[in-house]
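Using the working numbering, you'd call the opening residue of the sequence shown number 3 and step up by one each time.
Glycine residues also receive a C-beta, built at the ideal position from the N, C-alpha and C atoms.
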Amino acid sequence: MQQIKIFIFFPFVTYIVTSFLLSNAIAIDNPNSTDLIIEGEILENTIDKQLKATGDAVLIKSGKKIQADTIIYDQVSNKLKANGNVRLNAGATLITGDELSLDVDNSVGEIPNATFDSDTENKSSINQSIRGFASKLFMDGENKTKLSGAEITTCEVGKTDWFIKGSEIEIDNKTKSVDATNARMEFKGVPILYSPKVNFSFNQERKSGFLSPTWGTTTRSGFQFKMPYYFNIAPNQDATVTPRYMGKRGLQIGGQYRYLSENYEGEANVEFLNNDAMTNKERYLINLKHKQQFTKNLSGSYRIQKVSDNDYFSDMSSLVSRTSRVILPQEFRLDYQTDEWKADLHVQKFQSLTTRSPYEKLPQLNLSRSDEFSKIKSETMFQFTEFDANNAHNKFVSTDLKPRGYSDGDLKPTGNRFVYNQSFSTSLIENSYSFVRPKLSLNFRSYDINHGATSSSENIAIPTTSIDSGLYLDRSFNLFGEAYTQTLEPRAFYSYTPYQNQSMLPLYDTRLMDLNMYNVFSENQFIGHDRIQDTNQITTGLTSRFIDSSSIERLALTFAQRYYLSDRTVLNDPLFSNSSLEGASSDFLFAATGRITKDLSFRSMSQYNPEQSSTKRL
């Protein structure tokens with residue numbers, strides 16, 4: 003048999019000469035998946051039988067690219083063998099090893115001591131590719147890979163926290179799924195889970211199956227073990243069932259169901275323990291949430307939380323965020339909005355796990371509107387609320403705020419409240435470096451109050467005037483070779499509200515706020531509508547910002563303090579004794595925010611009392 007050997011040591015020339023001699027095997031123009039391209043520093047050809055490339059050898063065929071020190075290709079069977087620094091690229095998949103035998107057309111072959119990555123083009127997405135090592139890797143068609151003595155992970159390169167190791171692992175790139183036998187999961191080198199069979203997905207599609215178990219111990223429930231099972235019901239629905247064994251209490255079943263649609267979404271969480279071995283009682287938790295858009299303007303929602311008893315969270319949970327919960331809301335809401343009006347209907351009840359409970363709103367109706375005419379902005383708000391005391395907490399206890407005339411053990415006053423707030427504001431000055439914005443408000447309240455055996459009606463109307471003003475100054479400077487802009491923004495805010503006696507009014511939903519940087523430039527220090535603070539005050543502040551050439555605010559410093567020009571009579575009520583707002587001036591407030599890098603920022607706030615020479619808050 004005639005044998006032609008070609009010895010050429012430049013890959014580009016090799017490609018041209020080989021293409022000329024093997025014109026039936028290689029297509030120069032627009033090669034497709036069936037064309038053969040072979041390169042090497044040395045090429046040997048046995049006519050119509052075998053091709054051998056040595057030295058930086060490359061073979062491309064059927065969508066695959068093989069690189070190695072030596073490649074031997076059989077033209078009759080379309081099989082090849084490669085040795086030394088083998089790299090196999092098929093689409094986004096990369097496999098490396100010391101040697102390779104491959105049926106090119108059928109994608110069947112094996113590589114011992116192989117490393118692999120199923121998606122080299124998508125390095126930024128967690129759980130989108132799978133990579134690892136195998137003592138032997140078997141290719142079984144275009145999409146299936148079988149591994150022997152393997153370890154795999156979906157972590158990004160350089161961030162490998164966990165591995166799954168198995169005696170046999172099968173990867174299906176079409177379904178993006180993995181089946182592992184005698185599987186052991188390791189986290190940072192520590193084994194945390196073993197299973198004779200494991201199946202999971204490594205794409206964005208969810209898959210039914212067991213999730214990672216958790217275990218631990220608490221003094222109240224003893225040893226605990228959870229084994230969640232996830233159900234992929236539909237693209238927009240899923241559920242999780244979690245059996246939970248507690249050594250001191252028994253077997254609890256937990257469940258979560260989630261759903262999502264174009265017009266609605268929701269979640270249901272349930273926990274149920276048929277018989278608590280420590281209390282001999284049935285114990286449960288229900289937590290339901292739902293939101294729905296009925297029409298373009300009308301939407302609604304509900305939230306229902308309920309537990310079987312007051313000690314449920316302290317007994318059954320090991321999380322401080324749950325054990326500290328004492329008020330569970332049960333509320334329904336309807337919202338309607340147009341270009342001019344906003345309206346909502348709100349019904350709210352509570353399950354209280356302590357000796358006190360907020361007032362319940364049965365119901366509350368809000369109606370508001372914003373208008374602007376002749377540079378005057380109008381804000382209108384109506385609110386009607388029917389307040390009722392929680393049936394189990396309808397008497398005052400020592401920790402309650404009690405209006406004048408009430409004592410511990412008295413029935414809480416109930417009834418309804420009508421609120422009408424109207425404000426008008428404008429900008430006398432508004433330009434790039436200054437503003438002056440006066441505002442006039444009317445605060446009207448009307449009450450029908452039930453005091454147990456008696457009832458009464460109360461009405462108040464209190465005006466408020468304020469004026470907000472400020473300047474904006476800036477300068478450019480260089481720091482360490484970088485261009486910056488520094489701003490200086492002084493601000494002054496004056497507010498006046500006359501005194502009117504409100505001690506006869508109940509406190510349904512109102513509390514006195516602590517003074518801080520968020521409310522120091524406000525007219526009323528109360529949150530809620532049952533009290534309106536009398537004020538004759540001025541607040542001054544100064545902000546300086548440092549902005550770099552990319553318009554990123556690197557640092558912002560703000561100072562503010564409020565000065566009282568007269569006493570606040572409403573605060574003389576014993577309900578608000580020892581308030582920090584009773585001095586001639588407020589605490590000195592300071593805030594600093596900054597961005598160190600794109601992902602790292604900081605925020606700091608402090609409060610200093612100059613009369614006591616002490617820092618009250620950091």
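Alpha-carbon to alpha-carbon, residue j and residue i
i, j, result
"N26", "V106", "Confidence at N26 is low in this model, with a pLDDT of 32, below 50, so the placement of that residue is unreliable and no value is reported for it."
"I431", "V349", "43 Å"
"Q535", "T382", "20 Å"
"E188", "Y261", "33 Å"
"W217", "Q294", "37 Å"
"V110", "N238", "38 Å"
"G134", "T95", "12 Å"
"F482", "Q332", "58 Å"
"S380", "L403", "35 Å"
"G57", "I68", "13 Å"
"H395", "F375", "48 Å"
"N521", "Y266", "35 Å"
"D575", "R335", "35 Å"
"L45", "K148", "33 Å"
"Q614", "A586", "13 Å"
"N276", "R89", "59 Å"
"V572", "Y501", "7 Å"
"E491", "F398", "48 Å"
"I255", "S223", "15 Å"
"S459", "P440", "34 Å"
Reduced DSSP secondary structure (H/G/I, E/B, other) of residue i
i, result
"M141", "strand"
"H395", "helix"
"T512", "coil"
"V106", "coil"
"F315", "helix"
"N289", "strand"
"N574", "helix"
"G249", "coil"
"Y498", "strand"
"S79", "coil"
Residue of the options minimising C-alpha distance to residue i
i, options, result
"Q52", "N503, Y304, R564 and Q77", "Q77"
"V192", "C157, R564, K167 and V200", "K167"
"D37", "A116, D476, N277 and L61", "L61"
"W343", "R371, D317 and L514", "R371"
"G99", "D71, R439, N80 and S79", "D71"
"S551", "E484, Y565, T571 and M519", "E484"
"A455", "M515, P415 and R285", "P415"
"Y75", "L139, S103 and N289", "S103"
"D476", "P465, I549 and I464", "I549"
"I73", "L591, I39 and Y304", "I39"
"K54", "K161, K63 and G42", "G42"
"I306", "K351, S579 and N85", "K351"
"D50", "E491, S79, S64 and R493", "S79"
"I464", "L364, S448, Y259 and N85", "S448"
"G268", "K397, L290 and K283", "L290"
"A270", "S263, L287 and S434", "L287"
"H292", "A241, L213 and S263", "S263"
"R556", "L602, T512, M515 and A116", "L602"
Whole-Å CB distance - residue i paired with residue j, under 8 Å assumed
i, j, result
"Q366", "V421", "Contact flag wrong, Cβ pair sits at about 10 Å."
"S137", "S120", "That belief does not hold up - the Cβ atoms of S137 and S120 are roughly 18 Å apart, past 8 Å."
"T487", "S478", "6 Å"
"N87", "K66", "17 Å between Cβ atoms; not a contact."
"L567", "Q527", "Their Cβ separation, rounded to whole angstroms, is 15 Å, which puts L567 and Q527 out of contact at 8 Å."
"L330", "K298", "About 33 Å; that fails the 8 Å criterion."
"N312", "L355", "4 Å"
"F561", "L544", "5 Å"
"I173", "I235", "Actually they are not in contact, since the Cβ atoms of I173 and I235 sit about 26 Å apart, beyond 8 Å."
"K228", "P215", "6 Å"
"Y232", "G211", "6 Å"
Residues near residue i in its chain [Cβ-Cβ closer than 6 Å; skip 5 each side]
i, result
"F225", "T219 and G249"
"T537", "S497 and T499"
"F604", "G596"
"A558", "R547 and T595"
"R327", "F315"
"N418", "E388 and D450"
"A494", "S471 and T542"
"K146", "D174"
"K178", "S203, F204 and N205"
Close beta carbons around residue i, own chain, < 7 Å, minus the five adjacent residues each side
i, result
"L589", "Residue identity differs from the one stated: residue 589 is Asp in this sequence, not Leu. Around D589: L517, S582, Q609, Y610, N611 and K618."
"F437", "S429, I431, S471 and G472"
"P508", "P405, P415, I451 and D532"
"D278", "R251, G252 and R285"
Close-in-space but distant-in-sequence residues of the same chain around residue i (CB under 8 Å, 5 per side omitted)
i, result
"P114", "G99, D100, E101, S137, K138 and L139"
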